[in-house]
Every structure is written in structure tokens, then in C-alpha cells.
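Residue 1 is where the sequence shown starts when you use my numbering, and the numbers rise one by one after that.
Reviewing the structure listed below.
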Amino acid sequence: MADVTFLGTGNFLAPPDRYWNSFVLDGSILVEPAPTALPHLRRCGFTVADMDVVVISHFHPDHTFGWPFFLLAAAEDAEARGERRPMCIVGPPGVEEFLADMNELGSIHNVQKYAYEVMDLQFVEVDGSRQQAGNLLFRAVEVEHVPHLRCFGYLFDRDGHILGYSGDTRPCAGLDELAGAADALILECNGPHAHPHDPVTHMDVAAVRALASRHPDLTIVLTHMGEDVDASGIANVMVPEDFAHLVL
Ligand SMILES: [Zn+2]
1 MADVTFLGTG NFLAPPDRYW NSFVLDGSIL VEPAPTALPH LRRCGFTVAD MDVVVISHFH
61 PDHTFGWPFF LLAAAEDAEA RGERRPMCIV GPPGVEEFLA DMNELGSIHN VQKYAYEVMD
121 LQFVEVDGSR QQAGNLLFRA VEVEHVPHLR CFGYLFDRDG HILGYSGDTR PCAGLDELAG
181 AADALILECN GPHAHPHDPV THMDVAAVRA LASRHPDLTI VLTHMGEDVD ASGIANVMVP
241 EDFAHLVL
């Protein structure tokens, strides 16, 4: 089984009572360094030193803009311990450059340089094969989100138990591949867009219900929730609150 703590379960707009989507897997894997990842790690009893792997699905800011804060905290901790500890960062092709650009834009190139000196940062670009990053075995599956950005879902292999994560996605073949391969799936449910004629870029309740009916044996856990999304009452679908701890 996989142990999951939700640091946030909200979408881009961080609706009332839900911060940005992010979770910790098995106490050592931070999935999505969302803007509030660092304070919410602490709030949930974790330290930056606990995190050996960071996983990113795509480069949108609600999934990544906590990186500079997390990075400095991790670097200071590593220096204080006097160990140049390894940390793996898993993400789409270009992930190292993207995160470096973020630090540059934030005028903290000194933090970037410092972190590279005191830590052994290992960047792992997903390639669709079975891959390993630290103690994490995984396979990434590309999903369809927005046309201008590659987005990946993941199959995390925890001793043969497969936990899936959708990233941000609309209904697509990649999502059904994740659902078919996983024992449990953490699934975005952003809900409908404010402008009904915009292209579909996310899941809504009807799409979740349809996916659940196609995969009746799958446990689905929703995250990346928008305001007024009511997904209660769908068989095998759970709707956690922020800071919930689940064994999946
Ligand atoms: Zn997104």
C-alpha cells in the first residue's frame, strides 16, 4: 500500500479551504512543489530532509512555484548536516532548465548556486519507460492538458502496488492507461471552466463519473478541486480534505 498525505487539494485558484494540489508519498516523495509545499510539509510533520525525491507533472505555477522556497530550505538543511546529500527531481523534459529559470526570474541565482554546491541534485527527465529516481520506481504516461505544454501522469510502483497520479488532464487515452494500470488513482477534478466555450483542459464531475464506470475496480481519490465541484456519491471515488492522510 502507499501512504499519502495531501498538502493541498485545490486547483489553480486555491478555492476556499483548499490550497494548491500537492502530496507526500510514503514520507519521502514530494509530488508537486506547489506554492505552499514548504509550510504545509512542516504543518504535516515532515521536514525537508525527509524528502528524497520531488516529482513534477508539468510546469504550471500551481504545481511548481514552491520550488525556490523548498530548495533553499533543503540546501540549508544539507549544509547544516554537513552532508552533500542526493535529491532527485523528476519531471518533464527540460525540468532542470525550467527550475533554474524560475530561480533566475526570482533573482535568487545565488540560492541556485548555493544549492548546487551543498546538495547532489539529480534531475530525471521522464521518457515513458520504467525509470528509477532514488527509492522511487515509476513510469510516466503523457496526458492531454493544454496544447502548449507537455503534461505527464505517473504510475508509482510501491513494492508492486501501483499508485497512479493523473497530473492535470482532460479525458484522454493516457488517462485511461493510468487508470487501467493503477490499483488506486489520484485524479484531478478541476471542474468546468468559467468560459464554457474554452477548450476542455481538465476533468469535471461527469468525466470522473465516466472514468469510474469504465474502471469499476479502481479506487479514485480526487484532488486539484475547483470551487463548487461536488463529486460526492460516486462509487469508489473519495474526496479528501487538505492535510488528509490516506493509505491507498
Ligand atoms: Zn495545469
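Cβ coordinates follow ideal geometry from the N, Cα and C atoms, glycine included.
- In the displayed model, A231 falls within coil according to three-state DSSP, outside both helix and strand.
- The bridge partners DSSP lists for F138 are Q131, F156.
- Counting the other CB atoms within 10 Å of its CB gives R84 a total below 16, which places it among the exposed residues.
- DSSP places L121 in the uninterrupted beta strand (DSSP E) bounded by 120-125.
- Sixteen is the threshold: since fewer than 16 other Cβ atoms of the shown chains lie within 10 Å of the Cβ of R130, the residue is exposed.
- In this structure, A75 is the residue among G128, H145, A75, F138 with its C-alpha nearest to the C-alpha of K113.
- Ranked by how close their Cα comes to the Cα of W20, the residues V143, D127, G8 have G8 in first place.
- Annotation for H60 indicates a beta carbon within 6 Å of some heavy atom of ligand 1.
- Between G174 and V146, the C-beta gap is not smaller than 7 Å, which leaves the two residues out of contact.
- Listed as beta-bridge partners of S28 by DSSP are no residues whatsoever.
- With at least 16 other beta carbons inside 10 angstroms of its own, L72 counts as buried.
- If the five residues before and after F6 are omitted, its C-beta is found closer than 7 Å to the C-beta atoms of F23, T223, P240, D242, F243, A244, all from its own chain and listed in chain order.
- Unbroken beta strand (DSSP E) stretches of 3 residues or longer found wholly inside the segment 177-230: 184-188, 219-223, given in chain order.
- Relative to ligand 1, the nearest heavy atom lies less than 6 Å away from the CB of D168.
- In this structure, the beta-carbon distance from V143 to F123 does not fall below 7 Å.
- For P39, there is no enclosing beta strand (DSSP E); the enclosing alpha helix (DSSP H) has its first and last residue at 37-43.
- Distance check between G10 and each of E32, P39, R170, E227 places E227 closest, using alpha-carbon atoms only.
- Counting along the chain, T5 sits inside no alpha helix (DSSP H); it lies in the beta strand (DSSP E) bounded by residues 3-8.
- With respect to L155, R139 sits close: the two C-beta atoms are nearer than 7 Å.
- L187 sits close to S166, with the two beta carbons spaced by under 7 Å.
- One alpha carbon belongs to L178, the other to A231, and they sit about 20 Å apart.
- Taking a C-beta distance under 7 Å as the contact criterion, V221 and M203 do not qualify as a contact pair.
- Secondary structure at V247: strand, using DSSP grouped into helix, strand and coil.
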